[in-house]
Amino acid sequence: MKKTQVVIIGSADDTKHYDIAYAIGSFIAKNGWVLITGGRTGVMEAASKGAHDHGGIVVGILPFDRFDGANNYCDIVIPTGIGFARNSMNVLSADVVISIGGKAGTLTELAYAWHYGKPIISCVFTGGWSKRIVSEPIDDRNNGSYIYPAYSLEEVFDILSKLLNKP
């Protein structure tokens, strides 16, 4: 039986949102869901550590063609060798995408998630593209119906639970 997979996206150089990403990763693990990230530092590492510390399964999908470069909390490392094109793989692996802050790389993942119709929980309170995507939709294709803005950590947990705990 397939396990529920949650993808967290955000910047590799973002340390400002470490506690938020850690808390979300912890919540994912406590619910028995699999965490998938880009496997690197920043938001990805913080979420990975949160899930790892709470007994979760952590998958890192790397842009590199080698295993090194993954953060220390990934249980499964997938080197792709396809650079930022791996962002499409990250998003396609998701039942739900959670966006924290974000710069250009996060924007590409948001665009893929938008295009593929993946539910996106956007942490508006973290700024970056996570905030902008709510007020500046990519196009009119789905009228933003896949975007779930969260204005606090508690809202992230509530939305995620509602999306994934459907009967």
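Per my numbering, the very first residue in the sequence shown carries number 87; after that it's consecutive.
Glycine is no exception: its CB is placed at the ideal position from the N, C-alpha and C atoms.
Collapsed DSSP secondary structure at residue i in the structure displayed
{"i": "residue 194", "result": "helix"}
{"i": "residue 236", "result": "strand"}
{"i": "residue 206", "result": "strand"}
{"i": "residue 95", "result": "strand"}
{"i": "residue 168", "result": "coil"}
The alpha helix (DSSP H) enclosing residue i, as first and last residue numbers
{"i": "residue 110", "result": "104-116"}
{"i": "residue 221", "result": "214-221"}
{"i": "residue 188", "result": "Neither: residue 188 is in no alpha helix (DSSP H) and is coded neither H nor E."}
Exposed unless 16 or more other CB atoms sit within 10 angstroms - verdict on residue i
{"i": "residue 157", "result": "buried"}
{"i": "residue 234", "result": "buried"}
{"i": "residue 113", "result": "buried"}
{"i": "residue 212", "result": "buried"}
{"i": "residue 214", "result": "buried"}
{"i": "residue 236", "result": "buried"}
Beta carbon proximity, residue i to chain D, threshold 8 Å
{"i": "residue 177", "result": "Among the chains in the structure shown there is no chain D, since it carries only a single protein chain."}
Proximity of residue i and residue j at Cβ, strictly below 8 Å
{"i": "residue 242", "j": "residue 209", "result": "yes"}
{"i": "residue 196", "j": "residue 168", "result": "no"}
{"i": "residue 192", "j": "residue 96", "result": "yes"}
{"i": "residue 98", "j": "residue 128", "result": "yes"}
Limits of the unbroken beta strand (DSSP E) element including residue i
{"i": "residue 146", "result": "144-148"}
Stretch pair the segment 200-207 + the segment 143-159: three plus CB contacts closer than 8 Å: no
contact_flag[the segment 184-194, the segment 159-169] where n(CB pairs < 8 Å) is 3 or more: no
Cβ contact check for the segment 129-138 and the segment 94-107: 3 or more pairs under 8 Å: yes
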